[in-house]
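Note that the sequence shown covers residues 1 to 156 in full-length UniProt numbering. Backbone N, C-alpha and C fix where the C-beta goes; we use that ideal spot for every residue, glycine too. Bear in mind that the values here come from a model prediction, so they are computed numbers and not experimental data. Remarks on the structure that follows.
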Amino acid sequence: MSDPAPIVGGMTIQRMDNVGIVVDDLDAAVAFFTALGMELEGRMPIDGRWAGSVVGLDEMRSEIAMMRIPNAPGRLELAKYHSPEAITPEPAVTPANTLGLHRVMFAVDDIEDTLARLRPHGAELVGEVTRFEDSYLLCYLRGPSGIILALAEQLS
1 MSDPAPIVGG
11 MTIQRMDNVG
21 IVVDDLDAAV
31 AFFTALGMEL
41 EGRMPIDGRW
51 AGSVVGLDEM
61 RSEIAMMRIP
71 NAPGRLELAK
81 YHSPEAITPE
91 PAVTPANTLG
101 LHRVMFAVDD
111 IEDTLARLRP
121 HGAELVGEVT
131 RFEDSYLLCY
141 LRGPSGIILA
151 LAEQLS
């Protein structure tokens, strides 16, 4: 059994529930992450005073799609904002050293097969597939809405 989470101020963290990603085309993002191997857990509108209060946006209306990894922990909450509209950063395509949430990494069985499934959904390599010692093949790719993913295939 693993050690419990460290105690911070008398409380423990139970788990990381999900990572939220804002997208401009929810259907395209769902298709992309489905091609990666995730499953759509659910999709629903999010609006009302309570929702705007949580995120600090007045008159917020959005739609979310919760994606999950089959038979494993880990979920992504994909969100499309209808009001107020999402803001595109300048520049629209940010480099890897931009401050803030950088990327989400997925362990995959076959990196080339995964790339082949994702390319029809707009995936483009940021750099190239690279070998790290005799341990991993690694790559960064850009998906819908400029999302950066990392893929890792364990070699040994």
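Straight-line Cα distance separating residue j from residue i
| i | j | result |
| --- | --- | --- |
| H102 | V108 | 19 Å |
| L138 | D110 | 11 Å |
| G52 | R61 | 8 Å |
| P89 | G100 | 12 Å |
| G56 | G146 | 24 Å |
| V104 | V54 | 23 Å |
| V19 | I46 | 16 Å |
| A31 | N71 | 19 Å |
CA nearest to the CA of residue i, picked from the options
| i | options | result |
| --- | --- | --- |
| E59 | G48, V30, D25 and A65 | G48 |
| V22 | I87, M44, G56 and A31 | I87 |
| E112 | Q154, H82, G74 and E39 | Q154 |
Residues sharing a beta bridge with residue i, DSSP
| i | result |
| --- | --- |
| I148 | R142 |
| E59 | The partner list for E59 (beta bridge, DSSP) is empty, contrary to what the question assumes. |
| S83 | R61 |
| I21 | L78 |
| A107 | A152 |
| E124 | R142 |
Local conformation of residue i per DSSP, three classes
| i | result |
| --- | --- |
| G42 | strand |
| L134 | Before going on, a small fix: residue 134 reads as Asp here, not Leu. In this structure, D134 counts as coil in the three-state DSSP scheme. |
Supposed contact pair residue j and residue i - C-beta distance, whole angstroms, cut 8 Å
| i | j | result |
| --- | --- | --- |
| A28 | P120 | That belief does not hold up - the Cβ atoms of A28 and P120 are roughly 11 Å apart, past 8 Å. |
| residue 176 | E85 | Any answer about residue 176 is impossible in this case: the structure gives the chain only from 1 up to 156. |
| A152 | Y136 | 5 Å |
| R142 | V126 | 6 Å |
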